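K.L.:
Read in order, the letters of the sequence shown correspond to residues -18 to -1, 1 to 1002 in mature numbering (1 follows the signal peptide of the UniProt record, and there is no 0). Using N, Cα and C, we set each Cβ at its ideal position, and we do this for glycine too. Everything numeric in this text was worked out from a predicted model, so none of it was measured. The structure under discussion is supplied below as C-alpha cells; questions concerning it will follow.
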Amino acid sequence: MIIAVIFCCIFILRRMSGFRNHGGGHPTNWPLVGMLPAFLPQVHRVHDWCTELLEASHCTFLFKGLWRSNMDWLVTSDPSNVHYIMSSNFSDFPKGREFREILDILGDGIFNADKDMWKSQRKLAQELISHRQFYTFLVKTSHDKVEQGLIPVLEHVSERGSVVDLQDLFQRFTFDATCLIFTGHDPGCLSINFPDVAFSKAVDDVEEAIFYRHIVPQAIWQLQRRLGIGEEKKYKRAWQTIDQVVGEIISDKKEELCQRIENKEFGDGQGMDLLTSYMMGLGDGNEMGLKSYSDENFLRDTVISLMLAGRDPVGSALSWFFWLVSRNPDVEKKIREELKATIHEPEATESGGGQERRLFDVEVLKRLPYLHGALCESLRLYPPLPFQHKSPLKSDILPSGHRVNPRMKIFMSLYSMGRMTSIWGHDCLEFKPERWITAGGGIKHEPSYKFFAFNAGPRTCIGKDIAFLQMKTVAAAIIYNYRVQVVAGQTITPSLSIILHMKHGMKMIGAVIVGCIFILLLRMSGFRNYGEGLPTNWPLVGMLPALLLHVHRIHDWCTEVLEQSHCTFQFRGLWFSNMDWLITADPSNIHYILSSNFSNFSKGLELKEFLDIFGDGITNSDSDKWKSQRKLAQELISHGLFNKFLVKMSQKTVEKGLIPVLEHVSQQGLVVDLQDLFQRLTFDATCLIVTGHDPGCLSTSFPEVAFAEAMDEASEAIFYRHILPQSNWKLQRWLNIGQEKKHTRAWQTTDRVIGEIISSKKEEVNQRIESKDLILGQGIDLLSSYIMEDATVLGWKSSDDKFLRDTIFLLLAAGQDTTASALSWFFWLVSRNPHVERNIREELRATQPPETGQSEEGRDRKLFDVEVLERLPYLHGAVCESLRLYPSLPFSHKSPLKPDILPSGHRVNPGMKIYIPLYSMGRMTSIWGQDCLEFKPERWITDGGGIKHEPSYKFSAFSAGPRTCLGKNIAFLHMKIVAGAIIYNYNIQVVPGQSISPSLSIILHMKNGLKVKLFKRAAS
C-alpha cells in the first residue's frame, strides 16, 4: 500500500505538472496545491524553467502556491516593471519585515535597512568607498592578493599539472580579498595547501540557511529555529562563529587605531581599509545619527553585510566568466590580444618561462573595452544574484498590467532577464562581448533595468566598481599568463542557492515542499557531495531518497556510485516493493551474464509485459523460439540481395533526403535541431530498408508524420513502465489513462500503418511471382525477404500477418532511434573536438584523386562509397568512441532463472533485476583508464594503423554474447555514410548556450536536442 501511494504520488505530480515540455504552456493552477506540481519536477533546473515560463508569458507570470500558504509570487523580467519597482516607484517597494527576518544575521546593516536608516547608511558608505584613502588601499590590496596569493597557487598547480576546482580557488581568493579590503584582516584561505578556515565555512553555512529560508514557509524554519534543528541549527552555530571572529577583528582594529593615534602614525601612503574609515569617522556618520566609532553593533552589522556582499558574488562571477571563455576560444584570444596591445614590444615577449608573471595596472584595465564587454556578457548570462524579491506597501498596478498587493511577493529573475529574446534579441543565448562595445570602439552602457546584475535605481550596488576592479585584475592576470584547460566530461550547472554557484564546481588543469522534501532528501541521500560515499540504506524507504535526489542525472549518478563500489552495487528499494537491483559494470559479470552463462539469464516475463507492443518478435522471445527467429533474421540480413538494397537505400536517403535539407538550411542560414534531423533521416531510412516504404519524414517542410509520432509515444510509455511499479501502470492501462492511453493510441496507429504496408507488400510480391518478375537487380527489402522465405519449417507461414507485424515493428523500433541518438552524440563530440573533425576530413580527403577532391559552390555534394568508408580506421574509431561514451541504449537488464553467484562474488536470485549500465561502463577508469572521459578515437586504432577490436563485454554498445545486435553492421554503415557526407561537405557550428544532457528514456536522446548552423565548405 505504501509503495502504491508513493508511486501514485510521483505519477500524479508528473501528470499534474502541466508544463512537461518546457516552454510548451503554462503550469496548471490546481485546487489546494496550486502550481506546486509543476514546480517540483523542475526544482533542479528552476532558473531555466523560470526562463522558459517568462519567455512564454511575455516576461511576467503569476505563480500560485499552496492554498493559504501565502506563496503567491509574481515573477517578472519585464524591464518596465523592474524600472517601476526599483526606480520610479521605489518607495512603495521596500525590502520589508519578512526580508529582514530572513536576513536577521545582518542586523541593522545597510541590506536590511529601509527608509531614513537606509538613506543614512548608504550616504556614509558611498562617502567612505569613494574616499581617496580607501581607493588607494583597494587597488594595492587587490593587486597584492593576486600577486602574492593567487599567482603562487596557479604556479604550483601548473608546474605539477594538477587538477584544481577553479570555483573553489576564486571563492578562497575573494574571501581573503574581501576581508582585507573591508577589515584589513587576512583569513588565509588562499594557499597551496587549501586550508579549511572556520570563518569561511561559517559564511557558507549562513548562505545555505538563508536560501532555505527563502523557499521554506516561514512557519517551518521558525519552528526549526525554536527547536534548534536542521538548517537553523547550522545557522545558529555559524552566526556564533561569525560574531566571534568579527568581534575579534573589531576589537583588534580599535586597539590598533588607538596605538596609531597615540603614536601619531598617519599618512603612510598605503591607504585605509573600510573598517578603519568607519572608526575614524571619515564620513559624516555622526551627523546622521550613526555612532560609528563606539557602536560595536553598527560596526559588526556593517562589516558582515559588506563581506557577504563582496565575497561570493565576485567568486561566482569569475567562475562563470572563465567557463564561458573556455567554451569560446575566440573571446580568450581577443582578450589576450587586447592585453598585449597595452605592452611595449620588448615587454610583451617576457612573460613565460622563468620570468615573473605580468600583472596589469588598474588604469590600464579601465581602458580595455573588450575585457569589460566579456565580463558584462558573463554577468548578463550568469548574474551572481539570480533573483531579487520585493513586496509592495500597498496595492498597485505594474506597467505590465498586473495587480500586486501587500501579501504578494514579487520575484525579479535576473538570470531570466539575460535570456529574454524580447530584451536582448534572438542571439540572447550567445556569448558576445561585442554587444557591449559601441561603433566607435568604446564601452556601451545599458540601463540598469535591462542589465540588472548590480541592482537598479537608488539601491544600485555601491560595490560595482570594486567588483569590476577585482574581476579585471584576476581575469587579465590569468588570461595573459596562463591557458586554462577545463577538464572534459564535467556537468556545469547552476546550484540552488542565493548565489549562482556552479553545482559541482569547475575542475581545470594548469516553496513548502521544496524546503521540506528537498531538505529531507538531501539529508537522507547520504551522497550529497557526489563521490564521497554510497547511498544510505534507510528503513522502509531503502535508498530511494538518494535516487529521487539524482533522478534528473541518473546516468552520471550511477557512474559515480559504481566508480566508488568497484563496478558493482546493490541498490535497495522500498520495503516489499521488489525493487532491489544489482547494478554492475564489471566486465567479468557481463561476460558471465551475456555469454558464458547466457541460458540462466533470460529476458523474462516482466520484460515481455513491458514490451507487449512487440508481440512475439525476437526481442520478447527466449529459448527455442528466440533461436529460430534469430537464425532466420541472420540469414536474411546477411543475404546478398538485402545487402545490395541496404547500401542503395542508405545512399539514397542521404543523397535525396538529407543533403537537400542541409543545402536548404545552410543557404537560408537557419538554425536546425540536428537530433530531430537525424531522427527523421533514420526513420525514413529504416522504413525503406525494412519494408521498402518511405514515410517521408525528411524534407525541408519538416512534416509531422503520425506513424513516427506513434513510435515515439510507444517508446516513451515503455520507459515509464520501467520506472513505475507494475501495479501502477497496469491500473492506468485498465482505466485507459495517462501514458497507457497514449500507448494504446500509438499501438493502434502502428498496427494500422504496418498492416497496410504488409498488405501492399504481399500484393506486390504476388504480382511479381505471377508475372515471373523475380530479377532483383536492385536488391530486396527485409519484409519482401520474409514474405518470400519458406519459413514453415520454423513454425511460421509466409501468410502469417501477426508474425510479420511483430517482426517489422521490432526492426523499425530497433533501427530508428538508436542510430539517430548515436549520430547526435557523435556530432556533438566532434564539434567539441575540432582536431578530431580535422583528422576525419583529412582521412576522407586522402581517398579522393586530386581532380575530384574539389568541391565548389553549386556542384553536387560528395558522397563516399561503402567500400571506401570501411577502410577508414579513424572514422571508425571516432564512431566507436562516441558509442562508448554515449551508447544508444544506456542500460540493459536481466533476471536469473535460478540462484547464482557472479564472478564479482555477488549472489543473485530469481526475481532480482540485474541492471547493466552501458553508459557507466564507458566511464569506468578500471575498464578504460584514467583518460576514460576523453574523446580519443586513437584508442580504437592499432599500432599498425588498423581497426582495433575490443571484446563485447568491455564495449557493450551492441550487447554481447548470443544476443549481440544483428543490426550492428547496418548501424555502422549508416553512421559512416552520414558522417562522411556531412563532415566532408559542411562545417557545423553548435549554437552556444545550450544545455546538452541525456534525457530520461530507454534511448539516450539529448534532452533538449542539438541546435546547430551549417555552412557549406567551398574548395576542399
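Here's the rule: buried if 16 or more other CB atoms are within 10 angstroms of the residue's CB, otherwise exposed. What is residue 686?
P.N.:
Position 704 of the sequence shown, counting from 1, holds the residue named residue 686. With fewer than 16 Cβ atoms within 10 Å of its Cβ, residue 686 is classed as exposed.
K.L.:
If the criterion is Cβ atoms closer than 8 angstroms, does the pair residue 803 and residue 567 meet it?
P.N.:
Within the sequence shown, numbered from 1, the residue matching residue 803 stands at position 821. Within the sequence shown, numbered from 1, the residue matching residue 567 stands at position 585. Taking 8 angstroms as the cut-off, the Cβ atoms of residue 803 and residue 567 do not count as close.
K.L.:
Take the Cβ of residue 167 as the centre, count every other Cβ of all protein chains shown within 10 Å, and call the residue buried at 16 or more, exposed below.
P.N.:
For this step, residue 167 is matched to residue 185 along the sequence shown. With 16 or more other Cβ atoms within 10 Å, it is buried.
K.L.:
Would a C-beta distance cut-off of 8 angstroms place residue 80 and residue 373 closer than the cut-off?
P.N.:
Numbered from its first residue, the sequence shown carries residue 80 at position 98. Numbered from its first residue, the sequence shown carries residue 373 at position 391. Closer than 8 angstroms, so yes.
K.L.:
Note down the Cα distance separating residue 477 from residue 483, rounded to an integer number of angstroms.
P.N.:
In the sequence shown, residue 477 corresponds to position 495, counting from 1. In the sequence shown, residue 483 corresponds to position 501, counting from 1. Rounded to the nearest whole angstrom, the CA to CA distance from residue 477 to residue 483 is 6 angstroms.
K.L.:
Tell me, please, which residues DSSP counts as bridged to residue 1008.
P.N.:
This structure cannot speak to residue 1008, because the chain is shown only from -18 to 1002.
K.L.:
Suppose you measure from the CA of residue 57 to the CA of residue 44; what does that come to, to the nearest Å?
P.N.:
Along the sequence shown, read from residue 1 onward, the residue named residue 57 stands at position 75. Along the sequence shown, read from residue 1 onward, the residue named residue 44 stands at position 62. Those two C-alpha atoms are separated by around 6 angstroms.
K.L.:
When you compare each of 638, 958, 581, 948 to residue 853 by their alpha carbons, which one comes out closest?
P.N.:
Stepping through the sequence shown from its first residue, residue 853 is reached at position 871. Closest option to residue 853, Cα to Cα, is 958.
K.L.:
Could you round the C-beta distance between residue 518 and residue 888 to whole angstroms and report it? I think they count as a contact, below 8 angstroms.
P.N.:
Counted from its first residue, the sequence shown places residue 518 at position 536. Counted from its first residue, the sequence shown places residue 888 at position 906. So it is not a contact: roughly 20 angstroms between Cβ atoms.
K.L.:
State the DSSP-derived secondary structure class of residue 30, mapped to helix, strand or coil.
P.N.:
Counting from 1 along the sequence shown, the entry for residue 30 is found at position 48. It is helical.
K.L.:
Return the chain-ordered list of same chain residues with a C-beta closer than 7 angstroms to the C-beta of residue 509, the five sequence neighbours on each side being excluded.
P.N.:
Translated into the one-based positions of the sequence shown, residue 509 becomes position 527. Annotation note: pLDDT 37 at residue 509 (below 50); position unreliable, coordinate value reported separately. Contacts found: 515, 516, 517, 528.
K.L.:
For the alpha helix (DSSP H) containing residue 858, name the first residue and the last one.
P.N.:
As a first step, residue 858 is located in the sequence shown; it is residue number 876 there, counting from the start. Segment 855 to 867, the alpha helix (DSSP H) holding residue 858.
K.L.:
Under 8 angstroms between the Cβ atoms of residue 459 and residue 360?
P.N.:
Your numbering for residue 459 matches position 477 in the sequence shown. Your numbering for residue 360 matches position 378 in the sequence shown. In this structure, residue 360 does not lie closer than 8 angstroms to residue 459 by Cβ.
K.L.:
Which whole runs of the alpha helix (DSSP H) in the segment 285 to 332 are 4 residues long or more, in chain order?
P.N.:
311 to 322, 327 to 330
K.L.:
Less than 8 angstroms separating the beta-carbons of residue 415 and residue 457?
P.N.:
In the sequence shown, residue 415 corresponds to position 433, counting from 1. In the sequence shown, residue 457 corresponds to position 475, counting from 1. Cβ distance not < 8 angstroms, so residue 415 and residue 457 don't count as in contact.
K.L.:
Does any residue of chain D bring its CB to less than 8 angstroms from the CB of residue 872?
P.N.:
The question asks about chain D, but that chain is absent: this structure has only one protein chain.
K.L.:
Is it true that the CB of residue 787 sits closer than 8 angstroms to the CB of residue 597?
P.N.:
What you label residue 597 is simply residue 615 of the sequence shown in a count that begins at 1. What you label residue 787 is simply residue 805 of the sequence shown in a count that begins at 1. In this structure, residue 787 lies closer than 8 angstroms to residue 597 by Cβ.
K.L.:
Hey, out of 935, 940, 999, 150, whose CA is closest to residue 572's CA?
P.N.:
The residue labelled residue 572 in the question sits at position 590 within the sequence shown. Considering only alpha carbons, the answer is 935.
K.L.:
Confirm, please, whether the CB-CB distance from residue 863 to residue 917 is below 8 angstroms.
P.N.:
Counting from 1 along the sequence shown, the entry for residue 917 is found at position 935. Counting from 1 along the sequence shown, the entry for residue 863 is found at position 881. The answer is yes: Cβ separation under 8 angstroms.
K.L.:
Can you find the residues in the same chain that come closer than 7 angstroms, C-beta to C-beta, to residue 619, ignoring five residues on each side of it along the sequence?
P.N.:
Counting from one through the sequence shown, the residue named residue 619 turns up at place 637. Closer than 7 angstroms at Cβ, skipping near neighbours: 948.
K.L.:
Between residue 194 and residue 944, what straight-line distance do the alpha-carbon atoms span, to the nearest angstrom?
P.N.:
By one-based count along the sequence shown, residue 194 stands at place 212. By one-based count along the sequence shown, residue 944 stands at place 962. The straight-line gap from Cα to Cα measures roughly 53 angstroms.
K.L.:
Could you tell me the boundaries of the alpha helix (DSSP H) in which residue 236 lies?
P.N.:
Looking up residue 236 in the sequence shown gives position 254. Residue 236 -> alpha helix (DSSP H) spans 212 to 245.
K.L.:
Can you check whether the CB of residue 255 is closer than 8 angstroms to the CB of residue 119?
P.N.:
Start at 1 with the first residue of the sequence shown, and residue 119 comes out as number 137. Start at 1 with the first residue of the sequence shown, and residue 255 comes out as number 273. Yes.
K.L.:
If you reduce the DSSP assignment to three classes, tell me which class residue 835 lands in.
P.N.:
Taking the sequence shown and counting its residues from 1, one reaches residue 835 at position 853. With a pLDDT of 43 at residue 835, under the threshold of 50, the modelled position of this residue cannot be trusted, and the question is left open.
K.L.:
What is the rounded straight-line gap between the Cα of residue 634 and the Cα of residue 672?
P.N.:
Within the sequence shown, numbered from 1, the residue matching residue 634 stands at position 652. Within the sequence shown, numbered from 1, the residue matching residue 672 stands at position 690. Cα to Cα, residue 634 sits roughly 15 angstroms from residue 672.
K.L.:
When you compare only the Cα positions, how much space is there between residue 108 and residue 452?
P.N.:
Position 126 of the sequence shown, counted from the first residue, corresponds to residue 108. Position 470 of the sequence shown, counted from the first residue, corresponds to residue 452. Each residue's Cα considered, the two are about 18 angstroms apart.
K.L.:
Which class does residue 275 belong to by DSSP, given the choice of helix, strand or coil?
P.N.:
Position 293 of the sequence shown holds residue 275. Caution applies to residue 275, whose pLDDT of 48 falls short of 50 and renders its modelled position unreliable; the value that the coordinates give is listed next. Of the three classes helix, strand and coil, the one that applies to residue 275 here is coil, per DSSP.
K.L.:
Bridge partners for residue 203 per DSSP, in chain order?
P.N.:
Numbered from 1 along the sequence shown, position 221 holds the residue referred to as residue 203. In the DSSP assignment, residue 203 is bridged to no other residue.
K.L.:
If residue 116 sits next to residue 259, beta carbons under 8 angstroms apart, how far is it from one beta carbon to the other, in whole angstroms?
P.N.:
The residue you call residue 116 lines up with position 134 of the sequence shown. The residue you call residue 259 lines up with position 277 of the sequence shown. Sure, about 6 angstroms apart at Cβ, within 8 angstroms.
K.L.:
Hey, how far is the Cα of residue 812 from the Cα of residue 253?
P.N.:
Position 830 of the sequence shown holds residue 812. Position 271 of the sequence shown holds residue 253. Approximately 53 angstroms, taken between the alpha carbons.
K.L.:
Below 8 angstroms on the Cβ atoms is my contact criterion, and I expect residue 466 with residue 304 to pass it. Report the Cβ-Cβ distance as a whole number of Å.
P.N.:
Indexing the sequence shown from 1 puts residue 466 at position 484. Indexing the sequence shown from 1 puts residue 304 at position 322. The pair is a contact, with the Cβ atoms about 6 angstroms apart (cut-off 8 angstroms).
K.L.:
Would you mind working out which of 969, 867, 593, 752 sits nearest residue 697, comparing C-alpha positions?
P.N.:
Position 715 of the sequence shown, counted from the start, is the residue given in the question as residue 697. It is 593.
K.L.:
Report the three-state DSSP secondary structure of residue 371 (helix, strand or coil).
P.N.:
Locating residue 371 in the sequence shown gives position 389, where the first residue counts as 1. Strand at residue 371.
K.L.:
Give the C-beta separation of residue 565 and residue 531 to the nearest angstrom, bearing in mind that I take them to be a contact with Cβ-Cβ under 8 angstroms.
P.N.:
Along the sequence shown, one-based indexing puts residue 565 at 583. Along the sequence shown, one-based indexing puts residue 531 at 549. Not a contact, Cβ separation roughly 17 angstroms.
K.L.:
Using only the alpha-carbon positions, how far apart do residue 663 and residue 681 sit?
P.N.:
To locate residue 663, count along the sequence shown from 1; it is residue 681. To locate residue 681, count along the sequence shown from 1; it is residue 699. If I take the Cα positions, the gap works out to 9 angstroms.
K.L.:
Tell whether a beta-carbon distance below 8 angstroms holds between residue 341 and residue 125.
P.N.:
In the sequence shown, the residue the question calls residue 341 occupies position 359. In the sequence shown, the residue the question calls residue 125 occupies position 143. Yes, the Cβ-Cβ distance between residue 341 and residue 125 is below 8 angstroms.
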